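Chemist:
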Ligand code: SF4
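In our numbering, the protein residues as written are 6 to 143.
#1: Let me check you understand the geometry: is the CB of residue 108 closer than 7 Å to at least one non-hydrogen atom of the ligand SF4?
#2: Tell me where the alpha helix (DSSP H) around residue 75 begins and ends.
#3: I need the boundaries of the beta strand (DSSP E) containing residue 40, first residue and last residue.
#4: For the beta strand (DSSP E) containing residue 66, list its first residue and its last residue.
#5: Do residue 104 and residue 77 have their C-beta atoms within less than 8 Å of each other?
#6: Might you give, ordered along the chain, the residues of its own chain that have their beta carbon closer than 6 Å to the beta carbon of residue 7, omitting 5 neighbours on each side?
#7: Output the distance between the C-alpha atoms of residue 19 and residue 85, rounded to the nearest integer angstrom.
#8: Which class does residue 7 belong to by DSSP, given the choice of helix, strand or coil?
#9: Name the residue from 28, 106, 42 and 21 whose alpha carbon lies nearest to the alpha carbon of residue 51.
#10: Counting only beta-carbon separations shorter than 8 Å, does residue 24 have a partner in chain D?
#11: Is any heavy atom in the ligand SF4 found nearer than 7 Å to the beta carbon of residue 13?
#12: Out of curiosity, what's the CA-to-CA distance linking residue 146 and residue 98?
#13: What does residue 119 pair with, by DSSP beta-bridge criteria?
#14: Where does residue 65 land, buried or exposed, given buried means 16+ other C-beta within 10 angstroms?
#15: Residue 68: which of 110, 126 and 114 sits nearest, CA to CA?
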């Protein structure tokens, strides 16, 4: 099976704070399957570490007020390009991220409140018919 994975789940230090979301189940899958890792926020040109962002009224905005929608959508488009080329059977993404979250994301108020809805990369991949799941549902 070919699987596309949020790179932070594989232990890459690409998270906004310079850390990762290393996940043991993901690492097991990586040992047994063909895996492609992607970090849409880095691919969109954002640095690591970076100011955390949330989607506010449909626009990705950093906590300091800077609009980073263009970078997030550029990273999502590159992930889609890779997915279209590689045709993964499954895509496993980091839950609640403004890029990678599948079922839920933060509401844009930076208060920890969640809303139903996907991050920009997950949304784009699902719109194009790719099977995406939150890592929490693995
Ligand atoms: S954009 Fe996705 S892959 Fe990159 S750090 Fe955030 S959750 Fe992980």
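Cβ atoms here follow ideal geometry from the backbone N, Cα and C, with glycine treated the same way.
These numbers were taken from a predicted model, which means no experiment stands behind them.
Modeler: If we stick to the structure as given:
#1: no
#2: 74-91
#3: 39-43
#4: 64-67
#5: yes
#6: 39, 93 and 94
#7: 19 Å
#8: strand
#9: 21
#10: Reference to chain D is not applicable here, since this structure consists of a single protein chain.
#11: yes
#12: Nothing can be reported for residue 146, as the shown portion of the chain is limited to 6 through 143.
#13: 111
#14: buried
#15: 114
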